[in-house]
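Student: Going by numbering that gives the first Met the number 0, the first residue of the sequence shown is number 0, and it counts up by one from there. The beta carbon of each residue, even a glycine, is placed where N, CA and C say it ideally should be. Bear in mind the structure is a predicted one, so any value in this text is a computation, not a measurement. Pasting in a structure now, in structure tokens, and then I'll have a few things to ask.
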Amino acid sequence: MSRRVVVIGSGLGGLVTSYLLSKQGDCVTILEHDKRPGGSLQAFYRDGIRFDTGFHFVGGMAEGGPLYPYFHDLGLDRLAWTPLDGHEIWLGDKQYVIPNGQERWLRYMQDLFPHQKTNIDELLRVCREAVECPLQETMPYWEQNAWQWLEKTIDDPILRDLISGSSMLVELNRETLPLFAFAEIVYSYVYSSHRLREGGAPIIEHLLGGVLAHGGSIRCSSTVIRILEKDGRAAGVQLQSGEVIEADIVLSAIHPQETMNLLSDNTSMRKVYRRRIDKLVDSMGSFTANIKFRKGSLSLRDVPIYVHKEGADIWSYNAPPVEHLLLHSYPEQDAMDIIVPMAWTNVAQWDGTQVGHRGQDYELFKKEILSQCLALAETALPGITDAVEQVWTSTPLTWKNYFLSHNGTSYGVCKDCNAPESTILMPKTPLPGLFLTGQSMILHGIMGTTISGFISAQFLGATQPPSNSLQGA
Ligand SMILES: Cc1cc2nc3c(=O)[nH]c(=O)nc-3n(C[C@H](O)[C@H](O)[C@H](O)COP(=O)(O)OP(=O)(O)OC[C@H]3O[C@@H](n4cnc5c(N)ncnc54)[C@H](O)[C@@H]3O)c2cc1C
Numbered sequence: 000m001s002r003r004v005v006v007i008g009s010g011l012g013g014l015v016t017s018y019l020l021s022k023q024g025d026c027v028t029i030l031e032h033d034k035r036p037g038g039s040l041q042a043f044y045r046d047g048i049r050f051d052t053g054f055h056f057v058g059g060m061a062e063g064g065p066l067y068p069y070f071h072d073l074g075l076d077r078l079a080w081t082p083l084d085g086h087e088i089w090l091g092d093k094q095y096v097i098p099n100g101q102e103r104w105l106r107y108m109q110d111l112f113p114h115q116k117t118n119i120d121e122l123l124r125v126c127r128e129a130v131e132c133p134l135q136e137t138m139p140y141w142e143q144n145a146w147q148w149l150e151k152t153i154d155d156p157i158l159r160d161l162i163s164g165s166s167m168l169v170e171l172n173r174e175t176l177p178l179f180a181f182a183e184i185v186y187s188y189v190y191s192s193h194r195l196r197e198g199g200a201p202i203i204e205h206l207l208g209g210v211l212a213h214g215g216s217i218r219c220s221s222t223v224i225r226i227l228e229k230d231g232r233a234a235g236v237q238l239q240s241g242e243v244i245e246a247d248i249v250l251s252a253i254h255p256q257e258t259m260n261l262l263s264d265n266t267s268m269r270k271v272y273r274r275r276i277d278k279l280v281d282s283m284g285s286f287t288a289n290i291k292f293r294k295g296s297l298s299l300r301d302v303p304i305y306v307h308k309e310g311a312d313i314w315s316y317n318a319p320p321v322e323h324l325l326l327h328s329y330p331e332q333d334a335m336d337i338i339v340p341m342a343w344t345n346v347a348q349w350d351g352t353q354v355g356h357r358g359q360d361y362e363l364f365k366k367e368i369l370s371q372c373l374a375l376a377e378t379a380l381p382g383i384t385d386a387v388e389q390v391w392t393s394t395p396l397t398w399k400n401y402f403l404s405h406n407g408t409s410y411g412v413c414k415d416c417n418a419p420e421s422t423i424l425m426p427k428t429p430l431p432g433l434f435l436t437g438q439s440m441i442l443h444g445i446m447g448t449t450i451s452g453f454i455s456a457q458f459l460g461a462t463q464p465p466s467n468s469l470q471g472a
């Protein structure tokens, strides 16, 4: 008999797991707080321009890459992907145009740093080994400190900066970042990077289309406010409207601390697990400027551009001051996103205020960050400030507002090499019938969240991991 599964949240994590469960025959109902599905995969329009929110490009999905088997299984490899030629890194006013593809990447780095040739080989070997290793054998890579390993492997500081300079997605932290998370990012982008001209919409349509075709359903503007329990197991959810939806399995695809908040005071969930979840630390949020340029005023390059201020520490992000940023261009639209990591503490004072009514001091704060962003971006794109026609800005508060994102975090829970067992979450919780998926589980980003989605589905008996992937989770 098919199981009734309710899924909380329709971001990539919820969609991937729902797709796999519904394909297997489960009766899936996705409940989404926002009025549109997709979470961070969504795009939005301002003045006729389409901007991405949390999906700009993805690494490792070329055939043979670490993401490829997962996307192939989901049918996502058939979307109209545009391969990108690599990425740019700016260290101060020095530009590095780094190609994709293992051979090209190796040749570029080794030509630039001939004295580091063996070290570069070793770096790539270890990253590949970590990524290709069956998941149950990856613990040594989780326990190893990424920074210490990098320092030991590469002794040229500029090369270290170049290797780390495109890793904004993992939140570099000298004390805590596990080698596994670092290796995944480095290796996937050495392998390849791709984008979709239409943003995340085709991914949402494909996965949601699959769920609907397999008899599942989705309800937007349906905020879950309570996970219901019966006889010591999760038995359904209650919506903000008061409606109750019964289920055999509740799959939460939102932040784990928010999941715990949905349990009642007399829950059967073990206290020790709740305490463990309470202690998890969030990754930073983001400040984003979505910019429309005057037509033809700038020649935009169709690759991610990472700009780091002269002498700034690449292993320490947090604006203000703005010392690191990512430029993501839409050359076909004369538009761009500037993305800067920003901790919740910078905006916490305005928590509880409403969009558009956060006050003058909030507007001034955003204005100041924007001007710092443009000043730094001038290094890579001279004339950018004068070319701006219109600009819209958002902060971690915006993410909290739209997606109920916990403390406005961009990438969910941080992983810690000093405590991998407590910071890597498995799908099964101690409360029977309650399972987790989404970016906070194992890894974040499009690749990490997809892998987490497969692992959750596997725990629920729906699938085997694709061949040539993180097998045997
Ligand atoms: C600015 C930014 C840029 C990024 N760029 C990239 C990139 O280029 N490449 C990349 O690989 N990764 C990128 N990422 C990361 C990537 O977007 C995420 O890791 C991934 O999309 C997370 O998916 P998710 O399903 O776990 O969470 P989400 O997408 O956050 O989905 C969670 C969903 O749950 C819903 N929800 C929350 N609470 C409730 C509730 N109580 N009831 C019902 N629904 C609820 C939310 O509305 C949301 O739709 C970026 C992230 C940010 C913030």
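1) Among Thr-28, Trp-80, Leu-396, whose alpha-carbon lies nearest the alpha-carbon of Gly-209?
2) What is the rounded straight-line gap between the Cα of His-323 and the Cα of Gly-37?
3) Find the nearest neighbour of Thr-428 within the set Phe-70, Leu-459, Asp-110, judged by alpha-carbon distance.
4) Looking at the unbroken alpha helix (DSSP H) that takes in Ala-161, where does it start and where does it end?
5) Under the rule that 16 or more other beta-carbon atoms within 10 Å means buried, what is Tyr-44, buried or exposed?
6) Would you mind stating whether Val-169 and Phe-179 have Cβ atoms separated by less than 8 Å?
7) Among Leu-227, Asp-51, Ile-48, His-405, which has the Cα closest to the Cα of Ile-276?
8) If you scan the stretch 401 to 469 from start to end, which runs of the beta strand (DSSP E) of 3 or more residues do you find wholly inside it?
9) Counting pairs of beta carbons, one from the stretch 216 to 228 and one from the stretch 158 to 167, are three or more of them closer than 8 Å?
10) For Thr-394, count the other beta carbons within 10 Å of its own beta carbon; 16 or more makes it buried, fewer makes it exposed. Which is it?
11) Looking at Ile-423 and ligand 1, is the gap between the Cβ and the nearest heavy atom below 7 Å?
12) Ligand 1 and Ile-253: does the residue's C-beta get closer than 7 Å to at least one heavy atom of that ligand?
13) With DSSP run on the structure shown, which of helix, strand or coil describes Lys-270?
14) If you compare alpha carbons, which of Tyr-410, Met-335, Pro-426, Ser-251 is closest to Ser-282?
15) Ignoring anything shorter than 3 residues, give me the beta strand (DSSP E) runs that lie fully in the stretch 216 to 281, in order along the chain.
16) From what residue to what residue does the beta strand (DSSP E) around Pro-98 run?
17) Determine the direct distance from the alpha carbon of Leu-30 to that of Trp-89, and round the result to whole angstroms.
18) From what residue to what residue does the alpha helix (DSSP H) around Gln-389 run?
19) Measuring straight from C-alpha to C-alpha, what distance separates Leu-211 and Gln-237?
20) With a threshold of 16 other CB atoms inside 10 Å of the CB of Gln-256, please say whether the residue is buried or exposed.
21) Spatial neighbours of Trp-391 within its chain, please: CB distance less than 7 Å, with the 5 preceding and 5 following residues excluded, ordered by chain position.
22) Please check the pair Leu-299 and Ala-376, which I expect to be a contact at CB under 8 Å, by giving their CB distance rounded to whole angstroms.
23) State yes or no: is the C-beta of Trp-391 nearer than 7 Å to some heavy atom of ligand 2?
24) Under 8 Å between the Cβ atoms of Ile-454 and Pro-426?
Tutor: Quick answer:
1) Thr-28
2) 28 Å
3) Leu-459
4) In the sequence as presented, Ala is not what sits at residue 161; that position holds Leu. Run containing Leu-161: 156 to 163, per the alpha helix (DSSP H) assignment.
5) exposed
6) In this structure, Phe-179 does not lie closer than 8 Å to Val-169 by Cβ.
7) His-405
8) 433 to 435
9) no
10) buried
11) In this structure, the C-beta of Ile-423 stays at least 7 Å away from each heavy atom of ligand 1.
12) yes
13) helix
14) Tyr-410
15) For the stretch 216 to 281, the continuous beta strand (DSSP E) assignments of 3+ residues that do not extend past its boundaries occur at 216 to 218, 223 to 229, 232 to 238, 243 to 245, 248 to 251, in sequence order.
16) 93 to 98
17) 42 Å
18) Run containing Gln-389: none in the alpha helix (DSSP H); it sits in the beta strand (DSSP E), 387 to 393.
19) So the alpha carbons of these two residues sit roughly 22 Å apart.
20) buried
21) Arg-45, Asn-289
22) At roughly 12 Å, the Cβ-Cβ gap does not stay under 8 Å, so Leu-299 and Ala-376 are not in contact.
23) Only ligand 1 can be found as ligands here, which leaves ligand 2 out of the picture.
24) yes
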